[in-house]
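Colleague: The structure under discussion is supplied below as structure tokens; questions concerning it will follow.
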Amino acid sequence: MQLRYVLSRLTLLSLATGSLWLSGCTNNDPAGPANPAAQYALSTVAGAYPNQTTYLQGLPNLNAATVDNSKAIELASFGSMYAYRDAVYMGKFGAPATLTKYTFDQTGKPVEAGRLIVPGANTFSTVMFVSETEAYASVGGGLATLIKFNPTTFTKTGDIDLSKLTKAGAASTFYLGAMQRDTKLYWGVHYFNRSFDPLTDSAYVAVIDLPTGKVDKLIADGRTAGIFSAGSSLSCFVKEANGDIYVQGDG
Numbered sequence: 006m007q008l009r010y011v012l013s014r015l016t017l018l019s020l021a022t023g024s025l026w027l028s029g030c031t032n033n034d035p036a037g038p039a040n041p042a043a044q045y046a047l048s049t050v051a052g053a054y055p056n057q058t059t060y061l062q063g064l065p066n067l068n069a070a071t072v073d074n075s076k077a078i079e080l081a082s083f084g085s086m087y088a089y090r091d092a093v094y095m096g097k098f099g100a101p102a103t104l105t106k107y108t109f110d111q112t113g114k115p116v117e118a119g120r121l122i123v124p125g126a127n128t129f130s131t132v133m134f135v136s137e138t139e140a141y142a143s144v145g146g147g148l149a150t151l152i153k154f155n156p157t158t159f160t161k162t163g164d165i166d167l168s169k170l171t172k173a174g175a176a177s178t179f180y181l182g183a184m185q186r187d188t189k190l191y192w193g194v195h196y197f198n199r200s201f202d203p204l205t206d207s208a209y210v211a212v213i214d215l216p217t218g219k220v221d222k223l224i225a226d227g228r229t230a231g232i233f234s235a236g237s238s239l240s241c242f243v244k245e246a247n248g249d250i251y252v253q254g255d256g
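Position one of the sequence shown corresponds to residue 6 (the working numbering), numbered consecutively onward.
See below:
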């Protein structure tokens, strides 16, 4: 089964403190899902920060009139969901940054398949899957590092130093939004001052060379105030079939 987002994050109109994330099997997966009980992965978040709970479960289809949490597991925080192949990866909010991999049993209940923990960081910001053996993740909380890991074995395999992207006057820097093309990673960079306002009126994208694991350059565009990003629910990068990449500006 290959999971992806078929619905982005939705705010439930009946519950001001609730949200729903959904992943499903891709249309170009001719073999179909390996597990009929979990063709979709559903993540619901209840509560208001800092008292939030995330419920995660697998669904066989979207035909049910109602869905409960009887087969869901609970995560004791807000959880961002990323999907790749037959697994979902949940990033919790709160130190240490933790990314947990889940597969699904024959009833659709999630089964933990491993964890990546990054001391010194608060949360995983963006996860970019390149292949079954190669993926990259940025973390929030002050570490200028991309974490390289193997999605299949779910083990860390390296780091990419982002200190070259440091900008004078920035009180905090976030690495949100990513796209991969050929041997390059394109990663959104957001600079903020001490008031948590944008440091400059420009959008920034870092270009990272995968063979060397180093930052090539930082692209700046002053036609927009920044890159729009909504975590894992909406990508600010779009890649067309011919390889052209578009970046959504904000402001």
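Note that beta-carbon positions come from the ideal geometry of N, C-alpha and C, so glycine has one too.
Please go through the same chain and pick out, in chain order, the residues whose beta-carbon is closer than 6 Å to the beta-carbon of Asn-74, but skip the five residues on each side of it.
Modeller: So the list reads Tyr-60, once near-sequence residues are dropped.
Colleague: Check the C-beta distance from Leu-204 over to Lys-172 and give it rounded, since I have them as a contact under 8 Å.
Modeller: 7 Å
Colleague: Beta-carbon separation of Leu-121 and Leu-104 under 8 Å?
Modeller: yes
Colleague: Using 8 Å as the cut-off, can you tell me whether the stretch 182–195 makes contact with the stretch 208–217, which would need three or more C-beta pairs spanning the two stretches below that distance?
Modeller: yes
Colleague: Since I believe Lys-106 is in contact with Ala-92 (beta carbons under 8 Å), could you give me their beta-carbon distance rounded to a whole number of angstroms?
Modeller: Right, their Cβ atoms sit about 5 Å apart.
Colleague: Do Phe-83 and Phe-98 have their beta-carbon atoms positioned less than 8 Å apart in this structure?
Modeller: Yes. Within cutoff.
Colleague: For Gln-185, count neighbouring Cβ atoms within 10 angstroms of its own Cβ and tell me buried if that reaches 16, exposed if not.
Modeller: buried
Colleague: With DSSP run on the structure shown, which of helix, strand or coil describes Asn-33?
Modeller: Residue placement at Asn-33 is poorly supported in this model, since its pLDDT is 42, which falls under 50; the coordinates still yield a value, given next. Three-state DSSP puts Asn-33 in coil, outside helix and strand.
Colleague: Specify the secondary structure class of Thr-58 as computed by DSSP and reduced to three states.
Modeller: Of the three classes helix, strand and coil, the one that applies to Thr-58 here is strand, per DSSP.
Colleague: Quick check on DSSP: helix, strand or coil for Leu-67?
Modeller: Leu-67: coil per DSSP, three-state reduction.
Colleague: Within 10 angstroms of the Cβ of Ser-115, are there 16 or more other Cβ atoms? Answer buried if so, exposed if not.
Modeller: Sequence check: residue 115 is Pro here, not Ser. Pro-115 comes out buried.
Colleague: Contact check, Thr-160 vs Ser-143 under 8 Å by CB: the rounded distance?
Modeller: Thr-160 to Ser-143, Cβ: 18 Å. No contact.
Colleague: Report the three-state DSSP secondary structure of Ser-168 (helix, strand or coil).
Modeller: helix
Colleague: Return the bridge partner residues of Lys-106 from the DSSP annotation.
Modeller: Tyr-94 and Gly-119
Colleague: Classify Thr-217: buried if its beta carbon has 16 or more other beta carbons within 10 angstroms, exposed otherwise.
Modeller: exposed
Colleague: Let me make sure I understand the geometry here. Which of Arg-90, Gly-113, Ser-234 and Phe-197 has the alpha-carbon closest to that of Asn-155?
Modeller: Arg-90
Colleague: Any idea what DSSP makes of Pro-41, helix, strand or coil?
Modeller: Helix.
Colleague: Please identify the residue among Asp-187, Gly-145, Tyr-180 and Gly-147 whose C-alpha is closest to the C-alpha of Gly-248.
Modeller: The option with the nearest alpha carbon to Gly-248 is Asp-187.
Colleague: Closer than 6 Å by C-beta to Asp-206: which residues in its own chain qualify, once you throw out the five before and the five after it? Chain order, please.
Modeller: Ala-230
Colleague: Please go through the same chain and pick out, in chain order, the residues whose beta-carbon is closer than 8 Å to the beta-carbon of Ser-250, but skip the five residues on each side of it.
Modeller: Checking the sequence, you will find Ile at residue 250 rather than Ser. Within the same chain, Ile-250 has close Cβ partners Met-184, Arg-186, Tyr-191, Phe-242, Val-243 and Lys-244.
Colleague: Between the Cα of Ile-165 and those of Ala-140, Thr-58, Thr-49 and Gly-96, spot the shortest distance and give me the residue it belongs to.
Modeller: Ala-140
Colleague: Short check: CB of Ala-102 to CB of Ala-126, under 8 Å?
Modeller: yes
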